[in-house]
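This report refers to the structure that appears directly beneath it.
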Amino acid sequence: MTPARGTVYLVAGTEATDLAKALSEALTTDETTAEAVPDTSTVQDRLNDGDVRGVVLGDDGEYNGVAAFEELRAGGTEIPIVLVGTNPEPDRVTEALRAGVTEYVTAETPASLLAAKLDAYATRWPTDWRVGARQWDEISSGVSHDAKNPLNVVMGRLELLDIGEPHEDALFRSVDRVESLLTDLSRIGSTACPVSETDSLALADVATEVWAAASYEDATLEVQTDAAIDAEHDRLQLLLRELFDNAVAHSEGPVTVTIGATDSGFYVADDGPGIPEADRDKVFEQGFGTTREGEGYGLFLVDTAARAHRWTVSVDESESGGTRIDVTTG
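Quick note on the UniProt record's numbering: the sequence shown kicks off at 1 and runs consecutively.
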């Protein structure tokens, strides 16, 4: 698969526009060209024409390529977006790639190499993690919705049948488990989509709200922070709920869960049995679990929600010998 004849790569942003001519000459597909445009708003207008295969944005002192990228992705653009930096600092490249840009190259990159990259990016799926997350959300939500309809039929028929023990409980548990997996599948899709807008949220208020809604028995929440963090409310709620659920579910008796601030974010700790050191590198993996009741998606959802905010999570032992999850937000 190659780009169609007559398609265009748009090049925008101060010095980057100087690449347009050389890039057009380097593109190997017939009638595929690189077109220089003055600014991001013009790029957005041109995308409506339907013949654009990718965008190249400058990133220098006069043109903020990361901000322009965010603007285009927020508008629903799913084609490859490559940034070209003039003597970029390593931290800037890291920031851009974490934001989800398809590629970051320097102004010294030969036009032939940039053309080869663009041809490859234009024909692969997905173009970057932001687009992949959005597409996965659509797919997983659709699969979850469609699969639950026949499951409802199965559940209804099972309730009418007089199967008897020991088969009845096993069948109902299996159906419940599939429904739980489908729900988790849908939640993973929506949680993985990158956060585009945040609010300054009082961590104590959100934690208290989540805890009150759950009505945990034999569990106590201690809030030891008045810090505020920039986050999307719903996904911060989900992250905290999964951390609280995990602490309570893995404690056989009364448990105290503590939330507090750190210099780089916040933590949630408990005085339960803790996580064996050998398992700590695996707890955020999809499907890893240590209880029969769960499907092993709780801490995976925590990690997914954190990544959507561009945060990181880690696990260690709490001061009381239980579990401590640290969320690094900056």
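Even glycine gets a Cβ: it sits at the ideal position worked out from N, Cα and C.
All values derive from a computational prediction rather than experimental measurement.
Of all C-beta pairs linking the segment 265-272 to the segment 300-320, three or more are shorter than 8 Å, placing the two stretches in contact. As a beta-bridge residue in DSSP terms, Thr33 pairs with Val8. The shortest C-alpha to C-alpha distance from Asn87 to any of Gly61, Glu103 and Ala111 is the one to Gly61. Apart from sequence neighbours up to five positions away, the residues of its chain that approach Gly321 with a beta-carbon distance below 6 Å are Gly274, ordered along the chain.
Secondary structure note for Asp91: its alpha helix (DSSP H) is the uninterrupted segment Pro90 to Ala99. The criterion of a C-beta distance shorter than 9 Å is not satisfied by Val93 and Thr109.
Under the three-state reduction of DSSP output, Val66 falls in the helix class. Cβ-Cβ distances below 6 Å link Thr17 to Val11 and Ala36 in the same chain, with the five nearest sequence neighbours on each side left out; the list follows chain order. The C-beta distance from Val105 to Leu114 rounds to 6 Å, short enough to fall under 8 Å. Rounded to whole angstroms, the gap between the alpha carbons of Glu103 and Asp270 is 41 Å.
For Thr328, no alpha helix (DSSP H) encloses it; the enclosing beta strand (DSSP E) starts and ends at Thr323 to Thr328. A residue is called buried when at least 16 other Cβ atoms come within 10 angstroms of its Cβ; Ala68 meets this threshold and is buried. With a cutoff of 9 Å on beta-carbon distance, Gly50 and Gly58 are scored as not near each other. Under DSSP, Tyr121 takes part in no beta bridge, so it has no partner. For Arg53, the uninterrupted beta strand (DSSP E) run begins and ends at Val52 to Asp59, by DSSP.
The beta carbon of Ala26 is closer than 6 Å to those of Ala111, Ser112 and Ala115 in its chain, skipping five residues each way along the sequence. Classified as buried, Asn246 has 16 or more neighbouring CB atoms from the shown chains inside 10 Å of its CB.
Annotation: Glu108 is outside any alpha helix (DSSP H) and is labelled neither H nor E by DSSP.
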